[in-house]
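For reference, the structure is listed below as structure tokens.
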Amino acid sequence: MSTVKKEYKRVTVKSLVDMKKNGEKISMLTAYDYSMAKIVDSANVDVILVGDSASNVMAGHETTLPITLDQMIYHATSVIRAVQRALVVVDIPFGSYQSDPKEALRSAIRIMKESGAHAVKLEGGEEIKESVKRILNAGIPVMGHLGLTPQSIYKFGTYTVRAKEEQEAEKLIQDAKLLEKLGCFSIVLEKIPAELTKKVSESISIPTIGIGGGKHADGQVLVIHDLLGMTHEFNPRFLRRYMNLYEDMGNAISQYVNDVKNRDFPNDQEQY
Ligand SMILES: Nc1nc(=O)c2c([nH]1)NC[C@@H]1CN(c3ccc(C(=O)N[C@@H](CCC(=O)O)C(=O)O)cc3)CN21
Ligand SMILES: CC(C)C(=O)C(=O)O
Ligand SMILES: [Mg+2]
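Count along the sequence shown from 1, add 15, and you get the number used in the working numbering.
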């Protein structure tokens with residue numbers, strides 16, 4: 016009898032750029048823990064993002080601002096233990112890269128060293144240029160993030176569509192070109208007009224990953240809890256739900272409560 020070990024061809028930073036070249040769309044989802052990452056990875060998702068959206072969906076904060084570097088590393092470490100195929104990217108959280116490029120590099124190094132992740136993601140363009148350079152110089156792959164950047168929500172005040180005006184759109188295009196020139200391997204485009212996503216995607220050779228960026232992005236990303244319907248009060252237009260887990264889980268748990276109350280669980284077979 017032989018045990019056949021399944022061979023996984025790992026997704027790399029280079030394979031993502033090749034996918035764009037070959038016209039193959041890239042799938043990306045978030046995960047924050049071992050069990051979920053196992054399922055996401057087994058379903059052949061190309062990129063797993065340990066997003067700072069963990070601040071919302073894991074910790075229950077209103078924004079992504081409170082989550083700490085230590086907490087991000089904890090989530091990333093759990094995810095990495097589960098993943099055999101996907102490229103794992105980790106958000107550098109608010110406050111651990113904005114004050115100076117050396118701090119940015121230190122944060123990126125801690126993420127890579129302590130979690131075993133494959134790349135980091137930072138929000139912004141021109142403003143964080145020196146930090147991106149330093150991190151890339153250390154050999155750490157960087158994913159950019161432009162458009163709606165939730166870490167600067169208080170600067171904008173709302174989660175409305177970004178870069179609808181000519182001037183902001185032009186800055187976004189310049190930022191995308193800059194990130195490519197610096198050496199980023201990919202850029203997330205969040206909540207911008209579909210036509211702008213098209214323009215950006217055609218202007219650079221690294222893949223764009225959209226969330227609320229429309230069909231022209233080279234890939235798509237969603238928060239896993241949104242896709243599964245666990246965040247039933249979050250209803251942006253860009254979200255497609257594939258399940259209604261909030262309801263289904265609620266029903267399953269209610270049945271369990273009933274079974275315990277009614278002395279139905281455990282039964283004779285479910286005890287020793
Ligand atoms: N569960 C979850 N999903 C996400 O996609 C997500 C997070 N959390 N947390 C971090 C950021 C924040 N993101 C957001 C937040 C809000 C909207 C949004 O469209 N909100 C409103 C519209 C607000 C407005 O137009 O003023 C909505 O329609 O729900 C989109 C992306 C994306 N990220
Ligand atoms: C929504 C994605 C792109 C993200 O940054 C996150 O989940 O934190
Ligand atoms: Mg994020």
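For glycine and all other residues, C-beta sits at the position ideal for the given N, C-alpha and C.
Here the structure is a predicted model, which is why all the values come from computation and not from measurement.
Exercise. Determine the DSSP secondary structure at L204, reduced to helix, strand or coil.
Key: Indexing the sequence shown from 1 puts residue 204 at position 189. Strand.
Quiz item: If we call anything under 7 Å between Cβ atoms a contact, is K158 one with K136?
Solution: Position 143 of the sequence shown holds residue 158. Position 121 of the sequence shown holds residue 136. The identity of residue 158 in the sequence shown is Met, whereas the question assumes Lys. Yes, these two residues count as a Cβ contact at 7 Å.
Practice problem: Between the Cα of V203 and those of N71, D106 and T173, spot the shortest distance and give me the residue it belongs to. | Solution: As a first step, residue 203 is located in the sequence shown; it is residue number 188 there, counting from the start. Cα-wise, what sits closest to V203 is D106.
Quiz item: Would you call V272 buried or exposed, if buried means 16 or more other Cβ atoms sit within 10 Å of its Cβ?
Solution: In the sequence shown, residue 272 corresponds to position 257, counting from 1. Looking at its Cβ environment, which holds fewer than 16 other Cβ atoms inside 10 Å, V272 is exposed.
Exercise. Return the chain-ordered list of same chain residues with a C-beta closer than 7 Å to the C-beta of A184, the five sequence neighbours on each side being excluded.
Key: If you number the sequence shown from 1, residue 184 lands on position 169. Only A178 and L211 meet the Cβ criterion.
Practice problem: May I ask you to list the residues that DSSP assigns as paired with S42? | Solution: Walking along the sequence shown from the start, residue 42 turns up at place 27. In the DSSP assignment, S42 is bridged to Q235.
Quiz item: What are the start and end residues of the alpha helix (DSSP H) that includes I124?
Solution: Position 109 of the sequence shown holds residue 124. First-last of the alpha helix (DSSP H) with I124: P116 to S130.
Exercise. Tell me whether the beta-carbon of I82 lies closer than 7 Å to the beta-carbon of P108.
Key: The count along the sequence shown starts at 1 and reaches residue 82 at position 67. The count along the sequence shown starts at 1 and reaches residue 108 at position 93. Taking 7 Å as the Cβ cut-off, I82 and P108 qualify as a contacting pair.
Quiz item: Going by the CB atoms, is the gap between S216 and D190 shorter than 7 Å?
Solution: Counting from one through the sequence shown, the residue named residue 190 turns up at place 175. Counting from one through the sequence shown, the residue named residue 216 turns up at place 201. In this structure, S216 does not lie closer than 7 Å to D190 by Cβ.
Practice problem: Mind the definition here: the stretch 228-247 touches the stretch 33-44 only if three or more C-beta pairs lie below 8 Å; say whether that holds. | Solution: yes
Exercise. Name the one or two DSSP bridge partners that L161 has.
Key: As a working note, residue 161 is residue 146 in the sequence shown. L204.
Self-check item: Separation of K206 from L175, as counted between CA atoms
Solution: Here residue 175 is taken as the residue at index 160 of the sequence shown, counted from 1. Here residue 206 is taken as the residue at index 191 of the sequence shown, counted from 1. Strictly speaking, residue 175 in this sequence is Thr, with Leu absent from that position. Taking the straight line from one Cα to the other gives about 8 Å.
Quiz item: In terms of residues, what are the limits of the alpha helix (DSSP H) holding I88?
Solution: On the sequence shown, position 73 is the one that residue 88 refers to. Note, I88: alpha helix (DSSP H), L84 to A97.
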